[in-house]
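Q: Read in UniProt numbering, the sequence shown has 218 at position 218, and its numbers run on one by one without any break.
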Amino acid sequence: MVQQFCPAWQALNKQLKKHNNYRYRILYTHSGLASTRTMLIRLTVMLLIQLFSTYVYSASEPLQQVEVADPYIEMRTGPGGGYPIFHVIERGEFIEIISQRANWFEIRSAKKLKGWVNHEQLARTLSANGEPVEFEIVTQEDFAERDWEWGLMAGSFDDAPILNVYGSYLFNPGFAIESSVSQSIADISSSLLFKVGLVMQPFPEWSYSPYFQLATGIIDVKPSATTVQPVDRTNQFSSISLGVRTHITQKIIVRLEYSQYVIFSSTLNNDNNEEIKEWKAGFAVFF
Numbered sequence: 001m002v003q004q005f006c007p008a009w010q011a012l013n014k015q016l017k018k019h020n021n022y023r024y025r026i027l028y029t030h031s032g033l034a035s036t037r038t039m040l041i042r043l044t045v046m047l048l049i050q051l052f053s054t055y056v057y058s059a060s061e062p063l064q065q066v067e068v069a070d071p072y073i074e075m076r077t078g079p080g081g082g083y084p085i086f087h088v089i090e091r092g093e094f095i096e097i098i099s100q101r102a103n104w105f106e107i108r109s110a111k112k113l114k115g116w117v118n119h120e121q122l123a124r125t126l127s128a129n130g131e132p133v134e135f136e137i138v139t140q141e142d143f144a145e146r147d148w149e150w151g152l153m154a155g156s157f158d159d160a161p162i163l164n165v166y167g168s169y170l171f172n173p174g175f176a177i178e179s180s181v182s183q184s185i186a187d188i189s190s191s192l193l194f195k196v197g198l199v200m201q202p203f204p205e206w207s208y209s210p211y212f213q214l215a216t217g218i219i220d221v222k223p224s225a226t227t228v229q230p231v232d233r234t235n236q237f238s239s240i241s242l243g244v245r246t247h248i249t250q251k252i253i254v255r256l257e258y259s260q261y262v263i264f265s266s267t268l269n270n271d272n273n274e275e276i277k278e279w280k281a282g283f284a285v286f287f
């Protein structure tokens with residue numbers, strides 16, 4: 001129908017038929033790009049759900065039941081010292097551990113009341129057999145002294161959606177090496193980026209820790225089928241990034257980053273380098 005009522009489309013399609021490799025792809029280019037974007041979004045959501053599910057209690061698993069050994073513990077309405085105390089549980093009572101958020105545990109009392117207690121108040125709790133119970137607590141110090149970090153980020157690369165997977169190794173709390181692979185899908189092309197860089201984190205002990213990155217890498221650009229004479233381009237680039245990361249719960253990190261790229265795209269006919277801006281946000285786990 002489009003070909004019948006659009007002479008310009010007919011002329012373009014006739015021109016493209018001379019190039020057999022792209023003869024059939026043009027009819028599906030825009031729908032294909034839209035499908036790819038949707039796939040990237042769905043993949044991101046699925047991976048993030050999987051990331052969180054690794055570090056939270058499963059509702060299908062039986063709740064851990066422990067006995068209070070301290071004289072009393074205080075239940076608060078939320079996971080923080082600023083939330084009010086609404087109930088006190090005395091020594092000898094049993095409670096159920098429902099979930100954990102950072103250093104706070106959501107519990108349910110014998111009277112079916114739900115609330116939050118700090119991990120310090122559970123340090124002397126006992127199991128049903130009367131043995132001490134140890135809880136895995138990840139502190140800010142653990143975050144600052146991590147060795148490995150693996151994450152997934154998504155955002156915008158020159159106004160096109162981008163999905164990024166990265167890994168980094170920390171030589172010390174303030175210095176790391178990081179490598180990543182990114183895929184960006186635009187209307188007229190797709191880009192695959194391989195990057196390696198050095199990350200400086202001057203204040204690793206801060207809750208919201210800023211960082212600075214210098215990196216280099218390779219970008220491979222593949223034009224879409226709508227280009228009459230598509231030519232793949234592979235160029236080197238350098239980038240500078242500013243970001244912030246914070247430890248939200250257990251071994252999960254939230255990260256926000258802005259980057260400026262300089263792509264060395266000089267050719268025989270063009271000596272101008274290309275500058276591209278990128279922002280992205282995502283989650284990571286550390287070990």
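For glycine and all other residues, C-beta sits at the position ideal for the given N, C-alpha and C.
Going by the DSSP bridge assignment, what does I248 pair with across the sheet?
A: If you number the sequence shown from 1, residue 248 lands on position 248. In DSSP, I248 forms no bridge with anything.
Q: Rounding to the nearest angstrom, what Cα-Cα distance links F86 and L214 in this structure?
A: Taking the sequence shown and counting its residues from 1, the one referred to as residue 86 is at position 86. Taking the sequence shown and counting its residues from 1, the one referred to as residue 214 is at position 214. The alpha-carbon atoms of F86 and L214 are separated by roughly 50 Å.
Q: Given that a residue counts as buried once 16 or more other Cβ atoms are within 10 Å of its Cβ, and exposed if not, what is T125?
A: Against the sequence shown, residue 125 aligns to sequence position 125. Buried, by the Cβ-count rule.
Q: Relative to the C-alpha of Q65, which residue among K277, Y208, A110 is closest?
A: Translated into the one-based positions of the sequence shown, residue 65 becomes position 65. If we check each option's Cα against that of Q65, A110 comes out closest.
Q: Pull up the distance between the alpha-carbon of Y55 and that of I162, whole angstroms please.
A: Walking along the sequence shown from the start, residue 55 turns up at place 55. Walking along the sequence shown from the start, residue 162 turns up at place 162. Unreliable positioning characterises Y55 in this predicted model, as indicated by a pLDDT of 48, which lies under 50. A coordinate reading is not provided.
Q: Which complete beta strand (DSSP E) runs does the segment 136-198 hold, if anything under 3 residues is left out?
A: Whole beta strand (DSSP E) segments, 3+ residues: 148-157, 160-172, 175-185.
Q: With DSSP collapsed to three states, give me the class of E93.
A: On the sequence shown, position 93 is the one that residue 93 refers to. Reduced to three states, the DSSP call for E93 is coil.
Q: Exposed or buried, which one is A281 when buried takes at least 16 other CB atoms within 10 Å?
A: Along the sequence shown, one-based indexing puts residue 281 at 281. With fewer than 16 Cβ atoms within 10 Å of its Cβ, A281 is classed as exposed.
Q: Using the three-state DSSP reduction, which class does L113 fall into: helix, strand or coil?
A: Locating residue 113 in the sequence shown gives position 113, counting from the first residue. Residue state, collapsed to three classes: coil.
Q: Quick one: grab the DSSP three-state call for S60.
A: For the purposes of this step, residue 60 is identified with residue 60 of the sequence shown, where counting begins at 1. Note that S60 has pLDDT 42, beneath the 50 cutoff, so the model's placement of it is unreliable and the number below is only indicative. The answer is coil: DSSP assigns S60 none of H, G, I, E or B.
Q: Using DSSP with H/G/I as helix, E/B as strand and the rest coil, what is E274?
A: Position 274 of the sequence shown, counted from the first residue, corresponds to residue 274. Of the three classes helix, strand and coil, the one that applies to E274 here is strand, per DSSP.
Q: What does a CB cutoff of less than 6 Å around S239 pick up in its chain, not counting 5 residues either side in sequence?
A: Position 239 of the sequence shown, counting from 1, holds the residue named residue 239. Once the five neighbours on either side are set aside, the close Cβ partners of S239 are A215, S259, Y261.
Q: Can you tell which of D220, Y166, D187 has its C-alpha closest to the C-alpha of R233?
A: Numbered from 1 along the sequence shown, position 233 holds the residue referred to as residue 233. Nearest option by C-alpha distance: D220.
Q: Count the other CB atoms within 10 Å of the CB of K195; is the residue buried (16 or more) or exposed (fewer)?
A: Position 195 of the sequence shown, counted from the first residue, corresponds to residue 195. Buried, by the Cβ-count rule.
Q: Note the first and the last residue of the continuous beta strand (DSSP E) segment covering D220.
A: In the sequence shown, residue 220 corresponds to position 220, counting from 1. Counting along the chain, the beta strand (DSSP E) containing D220 begins and ends at 208-223.
Q: If we ignore side chains and look at the alpha-carbon of each, how far apart do I89 and T249 end up?
A: Within the sequence shown, residue 89 is the residue found at index 89, counting from 1. Within the sequence shown, residue 249 is the residue found at index 249, counting from 1. Each residue's alpha carbon lies about 25 Å from the other.
Q: Is E120 helix, strand or coil by DSSP?
A: Counted from its first residue, the sequence shown places residue 120 at position 120. Helix at E120.
Q: What are the partner residues of S239, as DSSP defines its beta bridges?
A: For the purposes of this step, residue 239 is taken as residue 239 along the sequence shown, with counting starting at 1. According to DSSP, which records beta bridges pairwise, S239 is partnered with A215, Y261.
Q: Going by alpha carbons, who is nearest to F157 out of I97, Q236, E106, L193?
A: Position 157 of the sequence shown, counted from the first residue, corresponds to residue 157. For the residues I97, Q236, E106, L193, the minimum Cα distance to F157 belongs to L193.
Q: Distance check for L113 and L152, CA to CA, integer angstroms please.
A: Counted from its first residue, the sequence shown places residue 152 at position 152. Counted from its first residue, the sequence shown places residue 113 at position 113. When rounded, the distance between both Cα atoms is 37 Å.
Q: So for A284, helix, strand or coil by DSSP?
A: By one-based count along the sequence shown, residue 284 stands at place 284. Reduced to three states, the DSSP call for A284 is strand.
Q: Can the beta-carbon of P79 be found closer than 8 Å to that of R101?
A: As a position in the sequence shown, residue 79 is number 79, starting the count at 1. As a position in the sequence shown, residue 101 is number 101, starting the count at 1. In contact: P79 and R101 (Cβ atoms closer than 8 Å).
Q: Which residue from G155, S190, G81, P204 puts its Cα closest to that of H119?
A: Start at 1 with the first residue of the sequence shown, and residue 119 comes out as number 119. Here the closest residue by C-alpha is G81.
Q: Do the CB positions of G174 and P202 come within less than 8 Å of each other?
A: Reading the sequence shown from its first residue, position 174 is the one you call residue 174. Reading the sequence shown from its first residue, position 202 is the one you call residue 202. Yes, they are a contact pair.
Q: What's the call for G115, buried or exposed, on a 16-neighbour Cβ count within 10 Å?
A: Along the sequence shown, read from residue 1 onward, the residue named residue 115 stands at position 115. Buried: at least 16 other Cβ atoms inside 10 Å.
Q: Quick one: Cα of P132 to Cα of E205, how far?
A: By 1-based counting over the sequence shown, the position of residue 132 is 132. By 1-based counting over the sequence shown, the position of residue 205 is 205. Near 31 Å, if we compare the C-alpha coordinates of E205 and P132.
Q: Where does Q201 sit, in a helix, a strand or coil, going by DSSP?
A: Stepping through the sequence shown from its first residue, residue 201 is reached at position 201. If DSSP states are grouped into helix, strand and coil, Q201 belongs with coil.
Q: Identify, in the order they occur along the chain, each residue of the same chain with its Cβ nearer than 7 Å to the Cβ of Y284, setting aside the five sequence neighbours on each side.
A: By one-based count along the sequence shown, residue 284 stands at place 284. In the sequence as presented, Tyr is not what sits at residue 284; that position holds Ala. Closer than 7 Å at the Cβ level, and outside the excluded window around A284, lie E149, W150, G151, I253, R255.
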